[in-house]
Amino acid sequence: MLHITSLIAVYVVVVLHAVAGVLVLTTGRVAPWARGKVLRPHLWGFGALFFAAGLGLCRYASTVRDLTVLDILFSIGLPLMICGGLLQFLGARVDRGPA
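For the sequence shown, the positions run 6 to 104 when the working numbering is used.
This is the structure:
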């Protein structure tokens, strides 16, 4: 039961993150929780989509029983998550501290 609950919770986060990425790419407007931090919205949107795809793929891979398919899915999902996080970092403002 806990496995199904965590699967649903992760997929809710994946869908919300992907929707935020698509919204940024189509409208150019960032979600309210990230509005003050994002300097390059399109770069952040692509990062959100990559991160959501990688997270969803890795979570789906945990339900697969075949080890070869599991290895392939993880080897695709983890770089997607890392690239997505990097793109989101590059799209956000860097806090330079007190002036």
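Cβ atoms here follow ideal geometry from the backbone N, Cα and C, with glycine treated the same way.
T31: member of the alpha helix (DSSP H) spanning 7–32, first to last residue. In the three-state reduction of the DSSP assignment, A97 falls in the strand class. In this structure, L60 keeps its C-beta atom at 8 Å or more from the C-beta atom of V69.
Contact check for L44 against G96 passes: the beta carbons are separated by less than 8 Å. Just so you know, the alpha carbons of L21 and L28 end up roughly 10 Å apart. In the structure shown, V43 falls within a strand segment according to DSSP collapsed to helix, strand and coil. Taking C-beta separations shorter than 7 Å and ignoring five residues to either side along the sequence, the partners of L62 in its chain run L78, I81, G82, L85, following chain order.
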